[in-house]
Structures are given as C-alpha cells and as structure tokens.
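**Q** Just passing along the structure, written as structure tokens.
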Amino acid sequence: MKEYLPNFHYLLYDLSDYSDEEIKGNAQLRIMLKLLRDVVTKSTEEFLRSFYEASHALLEIEDKQKGIEFFEITLRYVFNAVRDLTKKDMEQIVRQIETTFPERSEVAMTLADILREEDMQEGLEKGRQEGASQALAKTALQLLTEKFGALPEDLKEDIKEADLATLETLLQNIFKYQSIDDVKKFFEQ
Numbered sequence: 001m002k003e004y005l006p007n008f009h010y011l012l013y014d015l016s017d018y019s020d021e022e023i024k025g026n027a028q029l030r031i032m033l034k035l036l037r038d039v040v041t042k043s044t045e046e047f048l049r050s051f052y053e054a055s056h057a058l059l060e061i062e063d064k065q066k067g068i069e070f071f072e073i074t075l076r077y078v079f080n081a082v083r084d085l086t087k088k089d090m091e092q093i094v095r096q097i098e099t100t101f102p103e104r105s106e107v108a109m110t111l112a113d114i115l116r117e118e119d120m121q122e123g124l125e126k127g128r129q130e131g132a133s134q135a136l137a138k139t140a141l142q143l144l145t146e147k148f149g150a151l152p153e154d155l156k157e158d159i160k161e162a163d164l165a166t167l168e169t170l171l172q173n174i175f176k177y178q179s180i181d182d183v184k185k186f187f188e189q
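So that you can map any letter, position 94 of the sequence shown is 94 in UniProt numbering, and since no number is skipped, the others follow by simple counting.
Here is the structure:
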C-alpha cells in the first residue's frame, strides 16, 4: 500500500518580510509573488497601489497576449481574495486596466459589464421590494378603511412608510384588531 501513497516535499516561503527589491525573477513571478504577499499583509489601499504597480510591470512581458492572459488570471485572484473591495475600488481597477492596456480594454469592459450587471440586479431587487411594500400598504389601507371607516392621516403615513415585514405582519393580524387604536398600538411597538 505504501507504494501508492504520494510522498510530497514542498518548500514554504513567508514573503511577508521581503521587500519589493528582494523579490527577484521574471516579471510574471515578481508580480504574482508581490500580490500574494500584499493581499494578506497590506491594507486594501496599499494592496491596490501594489496592484497598480503590477499592472505596469506587466508591460515588461514580451509576449503581450501572454501578459494579458496573466493579468486576467491575476484579476480573478484579486476579486476573489480581497473581500473588502468596494465598487469604487473595482471601478478604479477597471480604469487602471484601460490606461495600462488601451489596446485590450475589452478586459476592462468585461469587468465593467459585470459591475454594471451587479448594480442593475441590486436595483431590480430594491425595486421589487419597494413595489411589494407599496402593494401591501395599499391593501392594508383598503382593508382597514373598509373595517373601521376613515383612517387618521398619521396612521395612513405609518402604513405607507412601513417596511415589507411590518406590512406582512399587519395584514396577517388585520382581522384581530378591534379598533383603530389596536392598529396604532401595533405601530408603536
């Protein structure tokens, strides 16, 4: 059985104490080692600075197509490894790509499209929730008016401004309320 078990040996390097000057090798190796070091040792702002330097170092790679492919891999790593990147940070990265590689700005455009798609999805979700809240508020106002007659303006405002969960609870209990005061108490909780 022992002959089928892998026997691996590996070297582990802690790059956190190495300066940029101490990291040697070809452009691809230097870029990757610096980014691997900086993603865990530096703040997001410092990491982005390292990332921008890396994008300029990619210009040293003779095979431009290979450089672009390497840069795309690096970008995927950055977007997955750096969890606290904001949309603003990502937009800065896209602009950096466009200035560093103007002839290959489709990489940046693809990233920009992904960001826009995420923004659009967030907007659609928010719109759906607002629409659902408005529909539930309208239903609650109609049912309460039918049950109790004219409603006070402050209660109408409370209902219109309520969030989705509050409106759902209000409607679930609407037949339990014996008076407008019961409904007001619900909003005072």
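Beta carbons: idealized from backbone N, C-alpha and C, even for Gly.
(1) Does the distance from the CB of I68 to the CB of A54 come in under 8 Å?
(2) Buried or exposed for K34, going by 16 or more other Cβ atoms inside 10 Å?
(3) Tell me, please, whether the segment 123 to 141 touches the segment 162 to 173 by the rule of three or more beta-carbon pairs shorter than 8 Å.
(4) Report buried or exposed for M1, applying the criterion of at least 16 other Cβ atoms within 10 angstroms of its Cβ.
(5) For M1, which three-state DSSP category applies?
(6) Could you tell me whether the Cβ atoms of K156 and L143 are closer together than 8 Å?
(7) Rounded to a whole number of angstroms, what is the C-alpha to C-alpha distance between D17 and E91?
**A** So, to answer that:
(1) no
(2) buried
(3) yes
(4) exposed
(5) coil
(6) no
(7) 30 Å
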